[in-house]
Amino acid sequence: MRFGKSSGAARGGPSAPRDMALRRRPGLGLRGRLPDLCLLLLLRGCLTAAVNLKSSNRNPVVQEFESVELSCIITDSQTNDPRIEWKKIQDDQTAYVFFDNRIQGDLAGRAELLGKTSLKIWNVTRTDSAIYRCEVVARNDRKEIDEIVIELTVQVKPVPPVCRVPKAVPVGKSATLQCQESEGYPRPHYSWYRNDVPLPTDSRANPRFRNSSFLLNPETGTLVFSAVHKEDSGQYYCIASNDAGSARCEEQELEVYDLNIGGIIGGVLVVLAVLALITVGICCAYRRGYFINNKQNGESYKNTGKPDGVNYIRTDEEVQSEGTKQKPFRKPRNRGVPNRESNILPRNPSDSYRKKG
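Residue 230 in UniProt numbering sits at position 230 of the sequence shown, with consecutive numbering throughout.
Quick look at the structure:
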């Protein structure tokens, strides 16, 4: 029984009503939960005390000479005046665009900062196509630095391409037509037209061009005929096009003509006949002696040591030297003819003078 009383007193003793009274007080329960609420608010503050960025368009595309906005927005930050920087990354090189609160580089004079962080560019050019990085430094935030990358694409309309079309090609021969354009961005695609009719990339793919044999490369603008036919004659032009626009070259005429086999054979025969006549004429002239030198006359002779065709007069020494090579002169016998000294002329005038003396 004591055990029962003591247990009952423990259950219904004076301490039990006192605890119930404390639980009924409204303010006491809230005070008990204050540490938990403070911890929750502290954790929430820690989660928001970090700078975060976002962009409404990370891949803007614009045509040349238009304007564009590079969006960079701060979503969370506890820093009232964060530091903003913009950088341009092109060809593995990084350059400042916005630094120390001013526009720098090639964008100076045609760009400004919108709001706190976004960048506005006017009159964009093809050289503005690059990767831009927005960087924000918030010193009062738990995460002080955040960045976002934006890729800008500036489209350039093609200019009239340069077309090369052969003027005349014989039937059965190959022909190549070329079309090139170097200003458009992105790189343009090419298409060829004949008499205002677009040509397919492969003539075999279209029954309309079954009498032709060509291949078109839209990337390089080359149109190649393996063997031209009469039906391939006409006016040709090329169009270069991309997302920014298109441009075409002037029409050029391609003529396909037949080979005149009969005329070629006749021309060859005429040439052979002329060569034969020339040969016969030379032979006749040679037989009649037109190519033989005239015989030498008088005492002139042809010196073998001199150039051909030149005659020279012999000197006394040459005559005497030739006389020694001939037979010796024999004095004829006197047959009743008196040998008179008066009939013999002296060789030297002095001899005659001596005899007279």
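Heads up, the beta-carbon is just placed ideally off N, CA and C, and yes, glycines get one too.
When the Cα of Pro158 is compared with those of Ala247, Gln104, Ile150, Val165, which residue comes out closest?
-> Cα-wise, what sits closest to Pro158 is Ala247.
DSSP on Cys72, reduced to helix/strand/coil?
-> Residue state for Cys72 is assigned as coil, using DSSP reduced to three classes.
Beta-carbon separation (whole angstroms), Asn123 vs Gly184, contact threshold 8 angstroms | Wrong, their Cβ atoms sit about 19 angstroms apart, outside the cutoff.
Rounded to a whole number of angstroms, what is the C-alpha to C-alpha distance between residue 427 and Cys72?
-> For residue 427 there is no data in the structure shown, the boundaries of the chain being 1 and 357.
Would you call the CB atoms of Leu53 and Asp141 closer than 8 angstroms?
-> It is not a contact, given that the beta carbons lie outside the stated cut-off.
Identify, in the order they occur along the chain, each residue of the same chain with its Cβ nearer than 7 angstroms to the Cβ of Gln180, setting aside the five sequence neighbours on each side.
-> Closer than 7 angstroms at the Cβ level, and outside the excluded window around Gln180, lie Pro161, Val162, Gly221.
DSSP beta-bridge partners of Leu272 | DSSP lists no partner for Leu272.
Taking Cβ positions, are Lys87 and Glu135 nearer each other than 8 angstroms?
-> Inclusion of Lys87 and Glu135 in the CB contact set at 8 angstroms is warranted, their separation being smaller than that value.
Residue interval of the beta strand (DSSP E) (run including Ala205) | From DSSP, Ala205 is part of no beta strand (DSSP E); its letter is neither H nor E.
For my contact list, Tyr236 and Tyr193 are in at a C-beta cut-off of 8 angstroms; report their separation, rounded to the angstrom.
-> That pair is a contact at about 7 angstroms.
Just grab the DSSP bridge partners of Val136 for me.
-> Note: Val136 sits in a beta bridge opposite Ile84, Asp146.
Look at Ala50 and Asp76 and say whether their C-beta atoms are less than 8 angstroms apart.
-> Going by beta carbons, Ala50 and Asp76 fall inside the 8 angstroms limit.
Buried versus exposed call for Cys249 [16 or more other C-beta atoms within 10 Å across all chains shown] | Result: buried.
Which one of Ile131, Glu112, Asp100, Arg110 has the shortest CA to CA distance from Val61?
-> Cα-wise, what sits closest to Val61 is Ile131.
By Cβ distance, which residues of its chain are closer than 6 angstroms to Asn59, with the 5 residues on each side in sequence left out?
-> Contacts found: Glu151.
With 16 as the cutoff for other CB atoms within 10 Å, does residue 365 come out buried or exposed?
-> One cannot answer for residue 365 here, as it falls past the ends of the chain, which runs 1 to 357.
Tell me whether the beta-carbon of Val228 lies closer than 8 angstroms to the beta-carbon of Lys173.
-> With respect to Lys173, Val228 sits close: the two C-beta atoms are nearer than 8 angstroms.
Where does Thr127 fall in DSSP's three states?
-> Note: Thr127 maps to helix in three-state DSSP.
Cβ-based neighbour list, Asn57, same chain, cut-off 7 angstroms, excluding 5 preceding and 5 following = Around Asn57: Ser71.
Around the C-beta of Cys283, are 16 or more other C-beta atoms found within 10 angstroms, so that it is buried, or is it exposed?
-> Only exposed fits Cys283, as fewer than 16 other CB atoms lie within 10 angstroms of its CB.
Residues bridged to Gln155 [DSSP beta-bridge criterion] | Bridge pairing for Gln155: Gln63 [DSSP].
Going straight from the alpha carbon of Glu111 to that of Leu119, what length do you get?
-> With the sequence shown as reference, residue 111 is identified as Ala, and Glu is not the correct amino acid for it. Using only the alpha carbons, I get a separation of about 7 angstroms.
Please go through the same chain and pick out, in chain order, the residues whose beta-carbon is closer than 6 angstroms to the beta-carbon of Leu272, but skip the five residues on each side of it.
-> Short of 6 angstroms from the beta carbon of Leu272, and not among the five residues preceding or following it, lies no beta carbon of its own chain.
Beta-carbon proximity of Arg165 to Thr125, cut-off 8 angstroms = Note on residue identity: the sequence assigns Val, not Arg, to residue 165. No. Outside cutoff.
Give the range of the beta strand (DSSP E) segment to which Tyr257 is assigned.
-> Unbroken beta strand (DSSP E) run through Tyr257: 252 to 257.
Neighbour-count burial assignment, Thr117, 16 or more Cβ in a 10 Å radius = Buried, by the Cβ-count rule.
Option nearest Arg66 by Cα separation, candidates Ile264, Glu219, Ala244, Ser182 | The sequence shown places Glu at residue 66, not Arg. When C-alpha distances from Glu66 are compared across Ile264, Glu219, Ala244, Ser182, the shortest belongs to Ala244.
CA nearest to the CA of Pro82, picked from Glu69, Lys143, Ser55, Glu64 = Selected option, being the one with the closest Cα: Lys143.
How big is the Cα-Cα spacing for Thr94 and Arg102?
-> Between the alpha carbons of Thr94 and Arg102 lies a distance of about 17 angstroms.
First and last residue of the beta strand (DSSP E) that includes Asn242?
-> First-last of the beta strand (DSSP E) with Asn242: 234 to 242.
Residue range of the unbroken beta strand (DSSP E) whose run includes Thr176 = That run of the beta strand (DSSP E) goes 175 to 180.
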